[in-house]
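> Submitted below is the structure of interest, expressed as structure tokens.
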Amino acid sequence: MNELAFYTDLLGLPQATLTGVTVTKTTIEIACTLTDTRTLCPSCGVECTVVNDRTTRRVRDLNISERAVYLVVSVRQFRCPTCGSCPTERLPFADANKSYTHRQARYVFVWCRKQAYSEVGAIVGMHAKTVERLVLDQCRQVEQLPQRYVGLRRLGIDEQSHRKGKKHFICLLTNLDTGTLVDILPDRKKESLVAYFQRLGPSFCQQITAVSCDIWQPYLAVVATCFPQATLVLDRFHVVKLLHQGLDNFRRRLRREAPDEAGYKQLKWLLFKQYHRLSDAELDTLQAAFAVNAELKTAYFLREEFHPILDRPQAVYATIGLLDRWAARIQAQKITLFDSFIRTLQRHKEPIANYVLDNLSNAVTEGLNNLVRSIRRCAFGMPNFQHLRLRVMAISGRTLKLSDNRT
Ligand SMILES: [Zn+2]
């Protein structure tokens, strides 16, 4: 086997004839021409065969044994016999105006999934800016936004802090049936969300059967405007968090009033834990606190009564009845620490009770939140929202493999 035949086999480039190989200590330059002689005129579609000029394109390909491989392609420029425009032939293995092959782009993209552009640039010998452009191009190719909406029935809406301390939140939309990310929006304002969903059209809005979100007024307004037919379910995790806040405020007040009282120490997480999940040692700690303050005990057990209401599979109206009775019991005992929670409960009884229908929750977003965080970490913050969005969408979408059968 001669050298050219060897490299032809090794590279497996479509429609290319290798004409020479130059190997140095650090690079392998492979000269080639394209075998397909036909190029269609982009303006009038006529086949061009008259060669007007020749140029060379130098594109980077995958390394071979740590040597950077460059394809030096002799490219023909034709003249259209009809309109006189001069189209240049395209490479089947690299995009126009790009200095790397498709497979090199995929290779760099996979490297960048968990690493900073600058680090990957150093590994593959490309400028960090080139790596960034390449990655964002690849991200756009795998975004597949319309496909993410197909079959979306139960929608999750959640937010994540974008820049710490700036009160800037991004909004994550998820498919609760498949546990996948649908899209990320730059903010969580009502107008932005309504405009976004309306752009997707009425048939999209009508296909949504249920929405899970937390108690954030703009979300509720968006659901009422865009998905009036859907069942609104307030995320149980967020509901319970509000309930716990009442208990925690009370605990903090007790600590402030009696800072030296040993019984109130290390109580926070124990109060949030359900009674049947407590260990013996935790029970002892809790009992000690209850011995100091009876109101804390009452409050704890009233909170404890809340959980089974949502655990029980039953009709929504029955759940609402139980929630009402629970709130009435608290008010009858003149306990005020759950006041703010009860006000929320009374305002949003039905969407809270809707949880019993099929235990819909926003829990899948938790995993996605971690994904967003990990991308932000490897990019040292990533303040540019569009870049962050593209990368998260690409990674959470179709898994891109190096072995994809495209050169
Ligand atoms: Zn033409």
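Just so you know, we're using the working numbering here: the sequence shown kicks off at -17 and counts up by one. Even for Gly, the Cβ is constructed at its ideal location relative to N, Cα and C.
Given a cut-off of 8 Å, decide if L(-14) and F75 are closer than it, judged by their beta-carbon atoms.
Going by C-beta atoms, F75 is not nearer than 8 Å to L(-14).
> Given this structure, state the Cα-to-Cα distance separating L382 from Q189, to the nearest angstrom.
Residue confidence for L382 is low, a pLDDT of 40 falling below 50, so the modelled location carries little weight; the figure read from the coordinates is stated next. The straight-line gap from Cα to Cα measures roughly 29 Å.
> Go ahead and label T37 buried or exposed: buried means 16 or more other beta carbons lie within 10 angstroms of its beta carbon, across all protein chains shown.
The residue in question, T37, is exposed, as its Cβ has fewer than 16 Cβ neighbours within 10 Å.
> By Cβ distance below 6 Å, which residues in the same chain neighbour D401 in space, the five residues on each side in sequence not counted?
Any answer about residue 401 is impossible in this case: the structure gives the chain only from -17 up to 389.
> Compute the Euclidean distance between the alpha carbons of A335 and W308, then round it to the nearest angstrom.
For A335 and W308, the distance between alpha carbons rounds to 13 Å.
> DSSP three-state label for E141, please.
E141 falls in the strand class under three-state DSSP.
> Report the three-state DSSP secondary structure of G2 (helix, strand or coil).
Here G2 sits in strand by DSSP.
> Can you give the beta carbon distance from R311 to L284, rounded, assuming they're within the 8 Å contact cut?
Correct: roughly 7 Å between the Cβ atoms.
> Please tell me whether, using a cut-off of 7 Å, the distance from the CB of V90 to the nearest non-hydrogen atom of ligand 1 is below it.
Not so, every heavy atom of ligand 1 lies at least 7 Å from the Cβ.
> Tell me whether V215 counts as near ligand 1, meaning its Cβ is closer than 7 Å to at least one heavy atom of that ligand.
V215: no, Cβ never under 7 Å from ligand 1.
> Once DSSP output is grouped into helix, strand and coil, what is the label at V294?
Residue 294 is actually Arg in this sequence, not Val. In the structure shown, R294 sits in coil (DSSP, three-state: anything other than H, G, I, E or B).
> Considering only heavy atoms of ligand 3 and the C-beta of each residue, which residues fall inside 6 Å, strictly closer?
This structure lacks ligand 3; the ligands present are ligand 1.
> What is the DSSP secondary structure of D340, reduced to helix, strand or coil?
Correct three-state label for D340: helix.
> Let me check one thing: in DSSP terms, what residues is V32 bridge-paired to?
BP columns for V32 point to R61.
> From V90, K172, E173, pick the residue whose C-alpha is nearest to that of G103; which is it?
G103 has its Cα closest to that of V90, out of V90, K172, E173.
> How big is the Cα-Cα spacing for F151 and L167?
When rounded, the distance between both Cα atoms is 9 Å.
> Just to confirm the assignment, what range does the alpha helix (DSSP H) spanning A376 have?
Start and end: 367 to 378.
> From which residue to which residue does the beta strand (DSSP E) around N157 run?
N157 -> beta strand (DSSP E) spans 150 to 157.
> Report the partner residues of C14 according to the DSSP bridge assignment.
The partner list for C14 (beta bridge, DSSP) reads L0, V55.
> Does R388 come out as helix, strand or coil in the three-state DSSP assignment?
Residue placement at R388 is poorly supported in this model, since its pLDDT is 44, which falls under 50; the coordinates are not used for a value here.
> Below 8 Å on the Cβ atoms is my contact criterion, and I expect L342 with A192 to pass it. Report the Cβ-Cβ distance as a whole number of Å.
With a Cβ gap of about 6 Å, L342 and A192 count as contacting.
> Just curious, the alpha helix (DSSP H) that C187 is in, first and last residue?
Its alpha helix (DSSP H) spans residues 184 to 189.
> Looking at the unbroken alpha helix (DSSP H) that takes in T83, where does it start and where does it end?
No alpha helix (DSSP H) holds T83; DSSP gives it neither H nor E.
> Taking C-alpha atoms, which residue in P200, V106, L(-8) lies nearest to S174?
When only C-alpha atoms are compared, the closest one is P200.
> Look up R42 in the DSSP assignment and say whether it is helix, strand or coil.
R42 falls in the strand class under three-state DSSP.
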